[in-house]
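Here the sequence shown is numbered in this note's numbering, starting from 3 and rising by one per residue. Using N, Cα and C, we set each Cβ at its ideal position, and we do this for glycine too. All figures in this text were calculated on a predicted structure; none of them were measured in a lab. Single-structure report; data block below.
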Amino acid sequence: MSQISSFTKTEAMSERRRLPGATPERKKRVLITGGSGRLGRAVVREMVDHGYQVFIADVAPPLASEAGVDATYFYADLKDYGQVISLLLDVDSSHRGVDAVIHLAAIPAPAKAANHAIFHNNVLQTYNILEACRVVGITNIAIASSETVFGHPLFPHVPTKLPITEEVERPESAYSLGKLVGEKMAEQYCRWDPTAKVVNIRLSNVMSLPDYARFPSWQSNPWSRAWNGFCYIDARDCAQAFRLAIEKPLIGAHVFNIANADIAFTQTTKELADLVFPDVKYTPETDNPREGLVSIKKAREMLGFDPKYDWQSELKKLESTKK
């Protein structure tokens, strides 16, 4: 009878092994929940491109367009704690242990389901991720929060100042309430384990390349985008923020606004702020006359976040492909 173990402390059952001396250096492993979605696809690509071994946990498999991306997909219902902790610990023929978790999976906005269903789904999934990471000993976690925590729409309850910074907490929906609960849970998990890092990213309205075709349609109607301060975030820039959140040597619970450096209009920020928020003090943070009304100063300074994609440049690329 064989005396060779079918698994080791670092290798899963039936994980492919190599001859002694031929085993490549183990890459850093990251589990990305919701990795099949629009934002998830960008985050998966970002992590793969930066040398990570990526595992995707989602109820939906990756699109055919992602076939060339070197990531491993697992079906997972994250409301089931057992599935969550098993994915982190050990999967036959795949892996034993991961180093970090990026949690994106959620019902992605208000009015996508009944209020209680959104809250129950999103909060339970986030709890299961945080609790499973605590039990397993994973201390490097990034979570998708939302700009809706600020109180979207930004009327009739207008901001007290502009740009909006991270201390603002005024959820106006079951969805945003659930996101704020996730941020507060992260604070307590980091109190329980002072070595842990949990970064909550308050995402602006995520855009991918095809979405930029819609931007000209609202240029004459600022009110149509006033609900979030005229902001947006390119999915690729958002992916950069999640990678930086994992890589930066921070400790404790942190919240960062993530939006693009510019607004979704050709008008200046001051012109739009004076029109839509005439009674709110606007104090520019940069020399950019079209800076966003959601402050990304903290993310720039602490994460090194540097958005690369602006809608006007991307729209030109999109239009050039149609010629």
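Can you give me the C-alpha to C-alpha distance between residue i and residue j, rounded to a whole angstrom?
i, j, result
"A247", "V201", "6 Å"
"T197", "P251", "11 Å"
"A119", "G306", "36 Å"
"N130", "K272", "43 Å"
"N207", "G84", "32 Å"
"E169", "N259", "10 Å"
"V151", "Q5", "56 Å"
"S96", "Q242", "26 Å"
"K173", "E149", "It is Pro, not Lys, that sits at residue 173 in the sequence shown. If you take the alpha carbons of P173 and E149, they lie about 9 Å apart."
"D195", "R136", "8 Å"
"E287", "K299", "8 Å"
"S16", "I143", "28 Å"
"L41", "S219", "23 Å"
"L164", "R227", "16 Å"
"E303", "S8", "47 Å"
"H154", "L182", "13 Å"
"E68", "D239", "18 Å"
"E13", "M187", "32 Å"
"P63", "A44", "15 Å"
"E249", "P112", "31 Å"
Here's the rule: buried if 16 or more other CB atoms are within 10 angstroms of the residue's CB, otherwise exposed. What is residue i?
i, result
"Q190", "exposed"
"R47", "buried"
"T141", "buried"
"G294", "buried"
"Q314", "exposed"
"H105", "buried"
"R292", "buried"
Please state whether DSSP places residue i in a helix, a strand or coil.
i, result
"A115", "coil"
"G70", "coil"
"M15", "coil"
"Q242", "helix"
"D51", "helix"
"I235", "strand"
"F76", "strand"
"Y129", "helix"
"Y191", "helix"
What are the residues that DSSP puts in a beta bridge with residue i?
i, result
"I34", "I58, I104"
"I166", "V296"
"V93", "H97"
"S259", "For the record, residue 259 in the displayed sequence is Asn; it is not Ser. DSSP output for N259 lists R204 as bridge partner(s)."
"A144", "I104, V201"
"Y83", "Note: Y83 sits in no beta bridge, so no partner."
"G153", "Bridge partners of G153: none, in fact."
field: Touching by the beta-carbon criterion (3+ pairs, under 8 Å), the region 222-239 and the region 177-196
entry: no
query: Does the region 120-129 come close enough to the region 54-65 to have 3 or more Cβ pairs within less than 8 Å?
result: no
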